[in-house]
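For the sequence shown, position 66 (counting from the first letter as 1) is numbered 83 according to the working numbering, and the numbering increases by one without interruption.
Think of the CB as a built atom: it goes at the ideal place given N, C-alpha and C, for glycine as much as any other residue.
Predicted model, so just to flag it, every value in this text is computed and none were measured.
All remarks here apply to the structure that follows.
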Amino acid sequence: MGTRYLWFIAPAVIVTVAIIIFPWMFTIYMSLHDWQITGAQTFIGLENYVSAFADRRFIAAIWRTGLYAIFSVTLPVILGTAAATVFHHEFPLRGLLRGIFIMP
Numbered sequence: 018m019g020t021r022y023l024w025f026i027a028p029a030v031i032v033t034v035a036i037i038i039f040p041w042m043f044t045i046y047m048s049l050h051d052w053q054i055t056g057a058q059t060f061i062g063l064e065n066y067v068s069a070f071a072d073r074r075f076i077a078a079i080w081r082t083g084l085y086a087i088f089s090v091t092l093p094v095i096l097g098t099a100a101a102t103v104f105h106h107e108f109p110l111r112g113l114l115r116g117i118f119i120m121p
């Protein structure tokens, strides 16, 4: 078998690096520098993160985002599980109600 398998996974690795890993690393690099429109960059370390977490609006936005994520995930899961449980049991007009429920 040798190293033939590497030729098969190479395209996936290249695409992953190009689409996911490179932008992620570049974002980290940018966050550690002070960027100017003229192109001059100054290394400032974690100063951007310190100022972000010191800002009350940023903390409030994090809380709102967390609450939104919790409710937008848990409510549909609970409602979907309840609907699946109800539609699993036999009752009159079950087929009609299933069709109406699934329609967009």
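Look at the alpha carbon of residue 60 and the alpha carbon of residue 83, and state the distance between them as a whole number of angstroms.
For the purposes of this step, residue 60 is taken as the residue at position 43 of the sequence shown. For the purposes of this step, residue 83 is taken as the residue at position 66 of the sequence shown. Approximately 31 Å, taken between the alpha carbons.
Assign residue 108 to one of three DSSP states: helix, strand, or coil.
Stepping through the sequence shown from its first residue, residue 108 is reached at position 91. Coil, per DSSP.
List the endpoints of the continuous beta strand (DSSP E) containing residue 59.
Stepping through the sequence shown from its first residue, residue 59 is reached at position 42. 58 to 60 is the extent of the beta strand (DSSP E) around residue 59.
Tell me residue 52's beta-bridge partners as DSSP assigns them.
The sequence position of residue 52 within the sequence shown is 35, counting from 1. The partner list for residue 52 (beta bridge, DSSP) reads 58.
Distance between beta carbons of residue 118 and residue 100, contact taken as under 8 Å
As a working note, residue 100 is residue 83 in the sequence shown. As a working note, residue 118 is residue 101 in the sequence shown. Here residue 100 really is in contact with residue 118; their C-beta atoms are around 6 Å apart, less than 8 Å.
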